[in-house]
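Here the sequence shown stands for residues 17 to 342, numbered as in the working numbering.
Notes for the one structure printed next.
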Amino acid sequence: MTKKRILSGMRPTGRLHIGHLVGALENWVALQDTYENYHLIADYHALTTNPDSRGIEEHSLDMLVDWLAAGIDPAKSPVFRQSQIKEHTELHLLFSMLITSARLERNPTVKDQVRDLHIENISYGHLGYPVLQAADILLYKGEVVPVGEDQVPHVEITREIARRFNTQYGRVFPEPEAKLTKFARLPGLDGSMKMSKSAGNTILLSDSPEEIAKRVKTAVTDPEKKRRGDPGRPEICLIFTYHQKFNAAETPSIDADCRTGALGCVDCKLRVAERIAAHLAPIRLRRAHFEAHPEEVKQVLHAGEAKAKLVATETMREVHASMGLG
Ligand code: TRP
């Protein structure tokens, strides 16, 4: 049986944090044997919210180091930069005729970005963010898109565009589905819904055990549990969410001891910091290898780009044929 194809990607924002690991990377790694995976570094997408392109290549390579450290095997899963496969731009243009600007203005993820980044007048390219993403996915005929839940509206737009194209010109594209992880979202250390680099509420994959402990100490916990002995409410505590992810075996006793007050927040944090550090230990080791061998990382990228190019060329041949574009 042929394997279904996965297409997923991230914007190159530099070093990744445990939110990326839990929300996406672990899922990619877990799926790389059962699916045929393609992973894209969305460097064009990075320009939608910040047209300053300085450092973009470096950020892309830094992110790739984290991907490889997390266990992406490039022999199974080609990795490539969007900007190196020109077919993305052409498919984006063709797709842009198949969706209304009103539909794009309703996209909640773009709306959130506009609000969070205080953008007064959205650029044409930023509004078209999901159209470019649809081109990313459909150029490789991605059927499954493992992403965090904030990306679901983009995948919905991708499905609409695929349907529209197929009806208008003949069937070329699948209708891809989003595939969420159990922990699609890890709260930030400051108690906000999400880890994000700009909020500075993250733990990086490259952080040492000492840095992790220091970062975890700053986390907010149940405000009514001021000292050991006070009963706490694990269900509202982000540290408890981290225990659920990184220390599953001990969660029942942590839950009970937090509620009775026997466990204080300081100890509880130390314990989770140790578990996170243990979880990241093999990643840190692999990370050190790739950091010391930048040529190997570039080689992996170029090989991935050559493979991606073959698929992209073939899809565009079909697109041209079905549209009668010669
Ligand atoms: N929008 C995604 C994010 O911000 C990145 C991305 C670009 C993507 N193209 C994609 C994700 C295609 C999945 C499929 O994380």
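All C-beta atoms, glycine included, are put in the ideal place defined by N, C-alpha and C.
Bear in mind that the values here come from a model prediction, so they are computed numbers and not experimental data.
The alpha-carbon separation between R179 and T29 amounts to approximately 32 Å. When beta bridges are read from the DSSP output, G25 appears opposite L56. Burial is judged here by how many other beta carbons sit within 10 angstroms of a residue's own beta carbon; E136 has fewer than 16 and is exposed. By the neighbour-count criterion, in which 16 or more other beta carbons inside 10 Å mark a residue as buried, S269 falls on the exposed side. Just so you know, the alpha carbons of L326 and V316 end up roughly 16 Å apart. If you ignore the 5 residues before and after I57, its C-beta comes within less than 6 Å of the C-beta of P28, S76 and R97, all in its own chain and listed in chain order. Judged by beta-carbon spacing, E159 lies within the 8 Å limit of P192, meaning their Cβ atoms are closer than that value. The nearest non-hydrogen atom of ligand 1 is 7 Å or more from the C-beta of V168. H305 and G216 have their C-alpha atoms spaced approximately 26 Å apart. Inclusion of V163 and S338 in the CB contact set at 8 Å is not warranted, their separation being larger than that value. L148 and I115 have their alpha carbons spaced roughly 12 Å apart.
Cβ atoms of L301 and R31 stay farther apart than 8 Å, at about 16 Å. The continuous alpha helix (DSSP H) containing F306 extends over residues C281 to A308. At least 8 Å separates the beta-carbon of Q129 from that of K92.
In terms of side-chain proximity, the C-beta atom of D152 is found nearer than 7 Å to a non-hydrogen atom of ligand 1. P162: member of the beta strand (DSSP E) spanning V160 to P162, first to last residue. Apart from the 5 residues on each side of it in sequence, Y185 sits with its Cβ closer than 6 Å to the Cβ of S338 and M339 in its chain, given in chain order. In the pairwise beta carbon analysis, the stretch 149 to 156 is classified as not touching the stretch 120 to 127: fewer than three pairs are separated by under 8 Å. Rounded to the nearest angstrom, the gap between the Cα atoms of I292 and K213 is 18 Å. G207 and T237 have their C-alpha atoms spaced approximately 8 Å apart.
In the DSSP assignment, R97 is bridged to I57. A straight line joining the alpha-carbon of N43 with that of T197 spans about 6 Å. In the structure shown, K213 adopts helical secondary structure according to DSSP, grouped into three states. Placement of the Cβ of H108 at a distance of 7 Å or more from every heavy atom of ligand 1 is found. Ranking I101, P146, E103 and G141 by CA distance to the CA of N123 puts P146 first. For M332, the closest C-alpha among the options L37, N263, V232 and V188 is that of V188.
Y140 and T234 have their C-alpha atoms some 40 Å from each other. Apart from sequence neighbours up to five positions away, the residues of its chain that approach P190 with a beta-carbon distance below 6 Å are K157 and E159, ordered along the chain. Look at H318 here: in three-state DSSP terms it is helix.
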